[in-house]
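First up is the structure itself, then whatever we jot down about it.
Residue numbers (full-length UniProt numbering): 1 to 338.
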C-alpha cells in the first residue's frame with residue numbers, strides 16, 4: 001500500500017510539469033527547479049498579448065479606435081509628448097526663462113552650457129535656451145499654418161477635379177503639374193526672393209508649393225469612391241453637387257489626408273528652417289531655429305553647442321511629426337502596417 005502511494009505521488013509530481021524526476025524538466029517541457037516560472041511567464045505573455053489588441057467592440061476608423069491605436073504606439077507616444085512639451089515651453093518661455101531671447105551680454109559671449117546658461121550663449125552673449133524655446137513658435141507656426149493652407153486649397157482642387165473629371169480634371173492637373181516640375185523648396189526660395197522675407201511670406205510660399213500633393217491625393221481617393229452606390233443614390237435624388245462633395249465624398253476620402261497633414265507639418269517645419277538658414281525666411285533678431293544655425297555656423301568647430309542644440313530640436317520635431325503620421329496611417333489603414 002505504501003509502495004502504491006509512493007508511485008502515485010511521484011507520478012503527480014512529474015506529470016504536472018512543476019518538477020521532473022531530477023528537478024529540471026516536467027512533462028510539459030517547462031524548465032526550472034520549481035516549474036512555477038514557466039506557468040507564470042505564460043500567463044504574463046497572454047496578458048501582454050491581450051493589452052496589445054484593441055477592444056473588438058470599438059468601430060474601426062472611429063475617433064476612439066484611432067486614439068486607442070495611437071496610444072499603443074510607442075513612437076506616437078514619444079511624438080505627442082515631445083510636441084506637447086515644445087508647445088507648452090514655447091508659450092511659457094517669457095515666464096520660465098531667466099533671460100530675454102534678444103538681450104545681449106558681452107561679458108558672457110560664447111559661454112559653454114552652465115548653471116547660469118543651461119544651453120550656453122551665442123556669439124553676442126544671448127541665452128540659447130531662451131532663443132530655442134521662443135524660436136519653436138516660428139518653426140511650428142510656419143509648419144502648421146502653411147500645411148493648413150495647402151490642405152484647404154488642395155482638398156478643394158482635388159475634389160473638384162476628381163468629381164467632375166473630363167476637361168476640368170485635365171486643366172487643373174496640368175496646372176498643378178507646373179508646380180511639380182520643380183522641387184518645392186526651390187519654388188519656395190524663388191517666391192521668397194521675389195516677394196520678400198518674413199513669417200507671412202514663408203507661410204504663403206510653403207503653402208502654395210504644397211497644394212499639388214494634397215490635390216493629387218484627394219483626387220485619387222475621389223476617383224476611387226465617386227462611382228459607389230451611395231454617391232449614385234445621392235445623385236439620383238437630385239442632391240446638390242456641392243453637398244455631395246462636402247458631405248458624402250470628402251469625409252470618406254479624408255483618411256489619407258490626415259496622414260499627409262502630419263507629414264506635411266514636419267516637411268514644412270524643416271523647409272522653414274532651410275529658408276531661414278539661407279536668409280530667405282525669418283530674419284534677425286527673431287530666433288528661428290534655422291536662422292540660429294546660420295548665425296552660428298562659423299563657430300561649429302570651436303563652439304559646437306551653438307549649432308548642435310538647435311539642430312537637435314529640428315531633428316526631434318521633424319521626427320515627432322513623422323512618428324505621428326505613421327501612427328495615424330496604421331490606425332486609419334491597418335493594411336499598410338509594416
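The beta carbon of each residue, even a glycine, is placed where N, CA and C say it ideally should be.
These numbers were taken from a predicted model, which means no experiment stands behind them.
Backbone secondary structure at residue 121 - three-state DSSP: Walking along the chain shown from the start, residue 121 turns up at place 121. Look at residue 121 here: in three-state DSSP terms it is strand.
What ranges does the alpha helix (DSSP H) occupy inside the segment 219-244, keeping only unbroken runs of at least 4 residues that lie completely in it? Whole alpha helix (DSSP H) segments, 4+ residues: 229-236.
Rounded to whole angstroms, how far is the Cβ of residue 275 from the Cβ of residue 281, which I believe are closer than 8 angstroms? Working through the chain shown from its first residue, we reach residue 275 at position 275. Working through the chain shown from its first residue, we reach residue 281 at position 281. So it is a contact: roughly 3 angstroms between Cβ atoms.
Are residue 135 and residue 287 close, meaning C-beta to C-beta below 9 angstroms? By one-based count along the chain shown, residue 135 stands at place 135. By one-based count along the chain shown, residue 287 stands at place 287. Yes, the Cβ-Cβ distance between residue 135 and residue 287 is below 9 angstroms.
Determine the direct distance from the alpha carbon of residue 114 to that of residue 416, and round the result to whole angstroms. The shown model of the chain, from 1 to 338, leaves out residue 416, and the question about it has no answer.
Let's see if you can read the secondary structure: which residues bound the alpha helix (DSSP H) around residue 291? Translated into positions along the chain shown, residue 291 becomes position 291. Per DSSP, residue 291 belongs to the alpha helix (DSSP H) from 289-296.
Could you check the C-alpha separation between residue 155 and residue 215 for me, to the nearest Å? Walking along the chain shown from the start, residue 155 turns up at place 155. Walking along the chain shown from the start, residue 215 turns up at place 215. The alpha-carbon atoms of residue 155 and residue 215 are separated by roughly 5 angstroms.
Extent of the continuous alpha helix (DSSP H) to which residue 72 belongs: For this step, residue 72 is matched to residue 72 along the chain shown. Following the DSSP letters along the chain, one finds residue 72 in no alpha helix (DSSP H), marked with neither H nor E.
Should residue 183 go down as buried or exposed, given a rule of 16 or more other Cβ atoms within 10 Å for buried? One-based indexing of the chain shown puts residue 183 at position 183. Per the 10 Å Cβ criterion, exposed.
If you run the structure through DSSP and keep just helix, strand and coil, what is residue 330? Indexing the chain shown from 1 puts residue 330 at position 330. Looking at residue 330 - three-state DSSP - the assignment turns out to be helix.
Any chain B beta carbon closer than 9 angstroms to residue 281: Among the protein chains of the structure shown there is no chain B, as only one such chain exists.
So, residue 292 versus residue 169, is the Cβ gap smaller than 9 angstroms? Here residue 292 refers to the residue found at position 292 when the chain shown is read from its first residue. Here residue 169 refers to the residue found at position 169 when the chain shown is read from its first residue. Cβ distance not < 9 angstroms, so residue 292 and residue 169 don't count as in contact.
Segment limits, alpha helix (DSSP H) that includes residue 247: Locating residue 247 in the chain shown gives position 247, counting from the first residue. Note, residue 247: premise wrong, no alpha helix (DSSP H); not H, not E.
Using a threshold of 9 angstroms, state whether the C-beta atoms of residue 310 and residue 128 are closer than that. For the purposes of this step, residue 310 is taken as the residue at position 310 of the chain shown. For the purposes of this step, residue 128 is taken as the residue at position 128 of the chain shown. With contacts defined as CB atoms closer than 9 angstroms, residue 310 and residue 128 qualify as a contacting pair.
Buried or exposed, going by whether 16 or more other CB atoms sit within 10 Å of the CB of residue 347? Outside the displayed span of the chain (1 to 338) sits residue 347, for which this structure offers no information.
Give a yes or no on whether the C-beta atoms belonging to residue 266 and residue 150 are separated by under 9 angstroms. Sequence index remark: in the chain shown, residue 266 carries index 266 (1-based). Sequence index remark: in the chain shown, residue 150 carries index 150 (1-based). Cβ distance not < 9 angstroms, so residue 266 and residue 150 don't count as in contact.
Where the alpha helix (DSSP H) through residue 192 begins and ends: On the chain shown, residue 192 is found 192 positions in, with the first residue counted as 1. Membership of residue 192 in the alpha helix (DSSP H) is indicated by the continuous run 184-195.
Compare the C-alpha of residue 199 against each of 108, 273, 296 and name the closest. Taking the chain shown and counting its residues from 1, the one referred to as residue 199 is at position 199. Comparing Cα positions, the closest option is 273.
Less than 9 angstroms between the C-beta atoms of residue 327 and residue 73, yes or no? Here residue 327 corresponds to residue number 327 of the chain shown, with the count starting at 1. Here residue 73 corresponds to residue number 73 of the chain shown, with the count starting at 1. Taking C-beta atoms as the reference points, residue 327 and residue 73 count as a pair closer than 9 angstroms.
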